[in-house]
Amino acid sequence: MNGFLSSLGHPVEDTEEETFLLFAQEIPANNLGFVDSCAQSLEVTIHGNEYTIQQSPSVLSSSRAGGTTGAVLWKITPLFAEWISGLTSNPLWTHPDSPLQPPAGKTVVELGCGIAGLVALSLGPAVRHYVATDQEYVHRLLRENLDENKGVAYKHKSGGSKGKGGKKKGGSKQVQSEESNISFTSLDWEQDAPELLKRSVGIAPDNDEDEDNGFDLLLSCDCIYNEALVAPFVRTCADICRLRPAYHPEKAADEEGKNPTICIIAQQQRAPDVFEAWLEETLKVFWVYRLSDEHLPVGLKGGTGYVLHLLVLRDDA
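Mapping to full-length UniProt numbering: the sequence shown position 306 is 306, numbers consecutive.
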């Protein structure tokens with residue numbers, strides 16, 4: 001773990017400096033960041049796999065309380081999905097000191113998955129279990145997208161074998177794409193308890209005597225665009241990470257060998273004040289590393305209008 005984090009460079013320490021460095025450079029105009037907010041469906045290619053993603057322009061334009069941004073696909077998502085699922089090129093999976101090796105044994109949780117489920121479809125087949133979370137209104141279309149694209153997502157499984165997970169769980173708050181290891185559960189950052197995430201989708205521990213409610217990896221793609229969401233978002237990230245040991249340079253894993261949860265937060269650069277508010281809140285409880293160009297593909301490098309940070313919970317948080 002120490003060697004892996006050292007490879008990322010020095011952690012971010014100053015909120016104003018980081019905000020200035022990112023927003024002083026010329027940023028291309030990405031508008032709000034939609035791929036096509038009027039299209040009912042989109043064709044997206046990730047690592048040569050073609051996915052058909054259903055959207056809901058009507059929900060996006062509605063006055064639904066609680067927001068509607070998850071109803072369509074955002075530009076950063078396909079770029080992020082391709083990067084995070086690059087098992088032979090992404091340092092998260094390839095660095096010799098990364099605690100995320102091997103991917104097949106890891107559990108992942110995503111905050112704000114939206115209706116597309118594209119990150120889940122891209123990475124889910126490579127890990128033990130993938131829990132996608134968002135507000136309940138994305139439930140129906142997300143299920144359709146997972147079911148419609150599962151043949152593409154799992155086609156590289158040996159002999160066309162089925163993914164882990166088995167049967168769909170009952171209840172109104174969760175759905176599991178049949179024959180896959182991708183599950184969905186609704187999660188309200190202000191009201192729901194993160195420690196119930198695994199239980200709600202019926203993920204059994206590897207060892208019944210040593211239940212692990214935590215996750216190896218937490219992902220969030222373009223969820224930070226409103227200052228009012230900053231505090232509950234950061235608090236939810238921290239609460240999920242507290243299900244595992246926090247990071248201390250002299251003791252990366254606990255006595256049982258469990259590593260801290262690694263968080264990857266991807267976002268489009270929009271309003272400097274919103275970004276600064278997020279970073280200030282995040283630095284209170286996390287070690288923060290900005291992923292440099294050497295770790296990113298062309299579409300996510302500096303100057304593209306996108307930025308990725310890696311977080312690990314501080315041991316004094």
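Glycine included, each C-beta is placed from N, C-alpha and C at the ideal position.
Please read these numbers as outputs of a predicted model, since none were measured by experiment.
Check: 8 Å is my cut-off, CB to CB: does Lys75 come that close to chain B?; Outcome: Chain labels in this structure do not include chain B; a single protein chain is all it has.
Check: Under a three-way DSSP split, which group does Asp134 fall into?; Outcome: strand
Check: Throw me the rounded Cβ distance for the Leu87 and Leu310 pair, which I believe falls under 8 Å.; Outcome: Leu87 to Leu310, Cβ: 17 Å. No contact.
Check: For Thr304, which of Leu279, Gln269, Glu280 and Asp315 has the nearest alpha-carbon?; Outcome: Gln269
Check: Tell me the residue span of the alpha helix (DSSP H) that contains Ile240.; Outcome: Glu227 to Cys241
Check: Per DSSP, what kind of secondary structure is Ser200 in: helix, strand or coil?; Outcome: helix
Check: Leaving out the 5 sequence neighbours to the left and right, which residues in its chain are closer than 6 Å to Thr107 when beta-carbon positions are compared?; Outcome: Arg128, His129, Phe215 and Asp216
Check: Quick one: give me the first and last residue of the alpha helix (DSSP H) that Gly310 is part of.; Outcome: Reading off the sequence shown, one finds Leu at residue 310, where the question assumed Gly. Leu310 -> not in any alpha helix (DSSP H); beta strand (DSSP E) instead, spanning Tyr306 to Leu313.
Check: Pull up the DSSP beta-bridge partners for Tyr289, would you.; Outcome: Leu310
Check: How is residue 373 classed by DSSP in three states: helix, strand or coil?; Outcome: No answer is possible for residue 373: it lies beyond the span of the chain, which begins at 1 and ends at 317.
Check: Using C-beta distances below 7 Å, list every residue in its chain close to Asn149, excluding the 5 sequence neighbours before and after it, in chain order.; Outcome: Tyr51, Thr52 and Leu121
Check: Measure how close the beta-carbons of Ser41 and Leu141 come, nearest whole angstrom, since I'm counting them as under 8 Å.; Outcome: Contact flag wrong, Cβ pair sits at about 11 Å.
Check: So for Thr88, helix, strand or coil by DSSP?; Outcome: coil
Check: Does the ligand ATP have a heavy atom nearer than 7 Å to the CB of Trp74?; Outcome: Only the bare structure without any ligand can be found here, which leaves the ligand ATP out of the picture.
Check: Only counting the same chain, and skipping five residues up and downstream in sequence, which positions put a Cβ closer than 8 Å to that of Leu100?; Outcome: Leu92, Trp93, Lys106, Asp216, Leu217 and Ile262
Check: If you run the structure through DSSP and keep just helix, strand and coil, what is Lys164?; Outcome: Annotation note: pLDDT 37 at Lys164 (below 50); position unreliable, no value reported.
Check: Pop quiz: Arg244 and Pro232 are said to be a contact at Cβ under 8 Å. What is the actual Cβ separation, rounded to whole angstroms?; Outcome: Actually they are not in contact, since the Cβ atoms of Arg244 and Pro232 sit about 20 Å apart, beyond 8 Å.
Check: Residues in its own chain within less than 8 Å of Ala126 by CB, not counting five upstream and five downstream?; Outcome: Ser85, Leu87, Pro103 and Ala104
Check: Can Leu197 and Ala246 be called in contact, C-beta distance under 8 Å?; Outcome: no
Check: For Ile224 and Asp273, what's the separation of their Cα atoms in angstroms?; Outcome: 11 Å
Check: Tell me which same chain residues have a C-beta within less than 6 Å of the C-beta of Glu136, skipping the five on either side of it?; Outcome: Ser186
Check: State the DSSP-derived secondary structure class of Trp93, mapped to helix, strand or coil.; Outcome: helix
Check: Which value, in whole angstroms, describes the spacing of the CA atoms of Thr77 and Phe23?; Outcome: 21 Å
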